[in-house]
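Enquirer: Going down the list, the sequences are from chains A and B.
For the first sequence, my numbering assigns the number 119 to the initial residue and increments by one for each residue that follows.
For the second sequence, my numbering assigns the number 119 to the initial residue and increments by one for each residue that follows.
One structure is given below, represented as structure tokens, and several questions about it will come after.
Number of protein chains: 2
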Amino acid sequence: MYITLSAENRPDTSLLAQDKGHRTSPRTLLKKGKHLYREGDEVERIYQVETGVVRLTRMLEDGRRQVIAFGYPGDIIGFPADGCHHTDCEALVDTTLQAYNRAALDHGNGDPDLHMALLHAALREISAMQDHVMMLGRKSAAEKVASFLNVITQRYGEDLGVYRQIDLPMSRSDIADFLGLTTETVSRAFTALRLSGVIALDGAQTIIVMQPAMLQDLSRGSN
Amino acid sequence: MYITLSAENRPDTSLLAQDKGHRTSPRTLLKKGKHLYREGDEVERIYQVETGVVRLTRMLEDGRRQVIAFGYPGDIIGFPADGCHHTDCEALVDTTLQAYNRAALDHGNGDPDLHMALLHAALREISAMQDHVMMLGRKSAAEKVASFLNVITQRYGEDLGVYRQIDLPMSRSDIADFLGLTTETVSRAFTALRLSGVIALDGAQTIIVMQPAMLQDLSRGSN
DNA sequence: CGACTCCTTGAGCAGCTTCAATCGATGTGG
DNA sequence: CCACATCGATTGAAGCTGCTCAAGGAGTCG
Numbered sequence: 119m120y121i122t123l124s125a126e127n128r129p130d131t132s133l134l135a136q137d138k139g140h141r142t143s144p145r146t147l148l149k150k151g152k153h154l155y156r157e158g159d160e161v162e163r164i165y166q167v168e169t170g171v172v173r174l175t176r177m178l179e180d181g182r183r184q185v186i187a188f189g190y191p192g193d194i195i196g197f198p199a200d201g202c203h204h205t206d207c208e209a210l211v212d213t214t215l216q217a218y219n220r221a222a223l224d225h226g227n228g229d230p231d232l233h234m235a236l237l238h239a240a241l242r243e244i245s246a247m248q249d250h251v252m253m254l255g256r257k258s259a260a261e262k263v264a265s266f267l268n269v270i271t272q273r274y275g276e277d278l279g280v281y282r283q284i285d286l287p288m289s290r291s292d293i294a295d296f297l298g299l300t301t302e303t304v305s306r307a308f309t310a311l312r313l314s315g316v317i318a319l320d321g322a323q324t325i326i327v328m329q330p331a332m333l334q335d336l337s338r339g340s341n
Numbered sequence: 119m120y121i122t123l124s125a126e127n128r129p130d131t132s133l134l135a136q137d138k139g140h141r142t143s144p145r146t147l148l149k150k151g152k153h154l155y156r157e158g159d160e161v162e163r164i165y166q167v168e169t170g171v172v173r174l175t176r177m178l179e180d181g182r183r184q185v186i187a188f189g190y191p192g193d194i195i196g197f198p199a200d201g202c203h204h205t206d207c208e209a210l211v212d213t214t215l216q217a218y219n220r221a222a223l224d225h226g227n228g229d230p231d232l233h234m235a236l237l238h239a240a241l242r243e244i245s246a247m248q249d250h251v252m253m254l255g256r257k258s259a260a261e262k263v264a265s266f267l268n269v270i271t272q273r274y275g276e277d278l279g280v281y282r283q284i285d286l287p288m289s290r291s292d293i294a295d296f297l298g299l300t301t302e303t304v305s306r307a308f309t310a311l312r313l314s315g316v317i318a319l320d321g322a323q324t325i326i327v328m329q330p331a332m333l334q335d336l337s338r339g340s341n
């Protein structure tokens with residue numbers, strides 16, 4: 119799950135099949151800016167994002183922050199490690215989530231389909247995090263920003279004739295903390311992409327990708 | 119699985135419980151320097167490392183390399199993404215692995231215990247990769263090297279009286295590609311740790327950690 | 001309309017990389 | 001057994017990318 123995956127289509131319907139009592143509540147609403155859970159909390163439920171976007175972050179003692187992932191509709195969030203959450207989860211916009219009982223992880227709750235869906239969601243997340251690691255470790259600032267925009271565009275962009283349009287629910291600072299950069303560097307990369315005609319900005323949040331192929335080239339380091 | 123996890127004890131016996139025919143072969147031997155699979159290969163089996171160490175790497179078109187993880191005994195490797203491997207896997211030393219049928223992922227092969235063990239292994243890997251992401255995105259070169267040595271020491275080090283000793287089966291270049299640095303920077307960080315008395319070197323591969331607590335402090339950025 | 005927050009832009013600096021040379025360990029052939 | 005070749009690790013010097021610090025601009029909400 120999550121942003122960093124190389125472009126591929128996502129089964130965008132509810133992954134966890136017809137439930138048989140695993141839902142602990144029919145639906146959770148999380149207002150913009152509210153936390154779903156925090157680092158260290160015991161995991162009681164896992165969630166699938168239905169609408170909206172959440173941000174998973176982790177902090178170092180001295181305040182340095184890393185955005186681990188953004189959770190878009192269809193993504194499963196809240197996988198435990200040693201029974202605890204290792205990230206904070208906050209809604210970037212009003213978000214609805216489907217809650218599932220944590221017990222579904224430990225024993226399929228008697229439902230093999232659910233268990234398998236969770237395992238496959240975990241495998242997708244591993245793959246996404248591998249992309250993230252590759253990007254953080256070995257790409258330049260410009261490539262990181264291009265990669266980020268490229269994935270968002272391919273996965274969540276809307277067709278706009280020859281162009282594509284995306285809406286970014288996260289701040290420059292969120293993007294910077296996702297990419298291991300500073301807000302200034304992210305901003306400069308946006309400006310450079312705008313000046314070279316690859317993207318156009320309509321406000322800070324709305325982006326029109328004028329040259330999707332070029333964006334993809336840049337994300338791969340083809341200078 | 120994998121290196122980056124914050125220190126915690128690992129259930130170090132064979133995770134996949136008494137098998138019931140899932141093994142496709144009783145054991146696989148992989149000689150040092152040999153590949154178990156390559157990026158793009160179809161996933162036919164998944165493996166648990168029994169002895170030895172493997173290295174999972176990914177490459178960009180222009181040759182830049184990122185080490186995604188090191189696989190130590192007990193770790194599960196070969197999780198598929200879209201049915202394919204997204205990393206190369208190479209043995210750093212002679213390694214033995216237990217192979218399991220890939221079908222165990224898709225349907226538990228009728229064995230709920232196996233399925234659950236795989237899911238939990240996947241969750242552990244997600245947690246480890248979150249640590250890796252945090253490190254790559256937000257730690258300095260010195261902190262990265264200290265973090266790496268700290269984890270290896272805590273997880274795989276041998277007690278040596280008050281000190282601890284570790285053997286590094288990977289080259290400086292492997293470490294650099296794991297940490298998103300160059301070999302020169304890694305080497306300089308090793309030298310700095312040696313000059314400050316935190317570690318001592320016996321050849322390039324064997325390290326004696328003289329001040330484990332200090333190493334841990336450095337890994338957290340407490341300068 | 002004003003205050004706040006976020007984004008952008010600029011200038012200088014620091015950390016890491018790059019390029020290059022030396023050192024050291026390992027292995028091989030004479 | 002020793003000379004030599006080779007590969008990885010270390011060290012040095014210079015350069016560049018991205019960070020820090022600072023100021024100004026733009027959008028938003030009361």
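Just so it is clear, CB atoms sit at the ideal spot from N, CA and C, and this is done for glycine as well.
1. If we call anything under 9 Å between Cβ atoms a contact, is M247 of chain A one with M247 of chain B?
2. Within the continuous beta strand (DSSP E) that includes M213 of chain B, where are the two ends?
3. Indicate whether at least one CB of chain A lies closer than 9 Å to the CB of Q323 of chain B.
4. Mind reading off the beta-carbon distance from L241 of chain B to F197 of chain A? Whole number of angstroms is fine, and I expect it under 8 Å.
5. Would a check of beta-carbon distances place Q136 of chain B closer than 9 Å to chain A?
6. Whole beta strand (DSSP E) runs in the region 172–257 of chain A with 3 or more residues, listed along the chain?
7. Shorter than 9 Å from the beta carbon of G255 of chain A to some beta carbon of chain B?
8. If you drop the 5 nearest sequence neighbours on each side, which residues of the same chain put their C-beta closer than 7 Å to that of R182 of chain B?
9. Taking the DSSP output, what are the residues bridged to I284 of chain A?
10. Whose C-alpha, out of A:R176, A:I195, A:T214 and A:R173, is nearest the C-alpha of R220 of chain A?
11. Hey, could you find the ends of the alpha helix (DSSP H) L297 of chain A is sitting in?
12. Quick one: is T303 of chain A near chain B, going by C-beta distance under 9 Å?
13. Using alpha carbons as the reference points, say which of B:R282, B:T300 and B:G279 lies closest to S289 of chain B.
14. So for P144 of chain B, helix, strand or coil by DSSP?
15. Within its chain, find whatever has a CB closer than 7 Å to the CB of T169 of chain B; leave out the 5 residues flanking it on each side and keep chain order.
16. Are there any heavy atoms of the ligand FAD lying less than 8 Å away from the beta-carbon of Q248 of chain A, as far as the coordinates show?
17. Return the chain-ordered list of same chain residues with a C-beta closer than 7 Å to the C-beta of A318 of chain A, the five sequence neighbours on each side being excluded.
18. Per DSSP, R163 of chain A is paired with what?
Expert: Let's see:
1. Taking the first sequence and counting its residues from 1, the one referred to as residue 247 of chain A is at position 129. Taking the second sequence and counting its residues from 1, the one referred to as residue 247 of chain B is at position 129. The answer is yes: Cβ separation under 9 Å.
2. Along the second sequence, read from residue 1 onward, the residue named residue 213 of chain B stands at position 95. Sequence check: residue 213 of chain B is Thr here, not Met. Segment T213 to N219, the beta strand (DSSP E) holding T213 of chain B.
3. Mapped onto the second sequence, residue 323 of chain B falls at position 205. So no, Q323 of chain B is outside the interface.
4. Locating residue 241 of chain B in the second sequence gives position 123, counting from the first residue. Locating residue 197 of chain A in the first sequence gives position 79, counting from the first residue. About 5 Å separates the two Cβ atoms, so the contact holds.
5. In the second sequence, the residue the question calls residue 136 of chain B occupies position 18. Note that Q136 of chain B scores a pLDDT of 49, beneath 50, so its modelled location is shaky and nothing firm can be said.
6. 172–177, 183–189, 206–209 and 213–219
7. As a first step, residue 255 of chain A must be located in the first sequence, where it is residue number 137. Closer than 9 Å to some Cβ of chain B, the Cβ of G255 of chain A qualifies, so yes.
8. For this step, residue 182 of chain B is matched to residue 64 along the second sequence. There are no such residues.
9. The residue labelled residue 284 of chain A in the question sits at position 166 within the first sequence. In the DSSP output, where bridge partners are listed per residue, I284 of chain A has A:I325.
10. On the first sequence, position 102 is the one that residue 220 of chain A refers to. Ranking A:R176, A:I195, A:T214 and A:R173 by Cα distance to R220 of chain A puts A:I195 first.
11. As a working mapping, residue 297 of chain A is identified with position 179 in the first sequence. Taken as a continuous stretch (DSSP letters only), the alpha helix (DSSP H) holding L297 of chain A covers R290 to L297.
12. Numbered from its first residue, the first sequence carries residue 303 of chain A at position 185. With 9 Å as the cut-off, T303 of chain A does not count as an interface residue toward chain B.
13. As a first step, residue 289 of chain B is located in the second sequence; it is residue number 171 there, counting from the start. For the residues B:R282, B:T300 and B:G279, the minimum Cα distance to S289 of chain B belongs to B:T300.
14. As a working mapping, residue 144 of chain B is identified with position 26 in the second sequence. DSSP places P144 of chain B in coil when its eight states are reduced to three.
15. Indexing the second sequence from 1 puts residue 169 of chain B at position 51. Only P191, T213 and T214 meet the Cβ criterion.
16. This structure simply doesn't include the ligand FAD, nor any ligand for that matter.
17. Locating residue 318 of chain A in the first sequence gives position 200, counting from the first residue. R312, I326 and M328, listed in sequence order.
18. Counting from 1 along the first sequence, the entry for residue 163 of chain A is found at position 45. For R163 of chain A, which the question treats as bridged, DSSP gives the partners A:N219.
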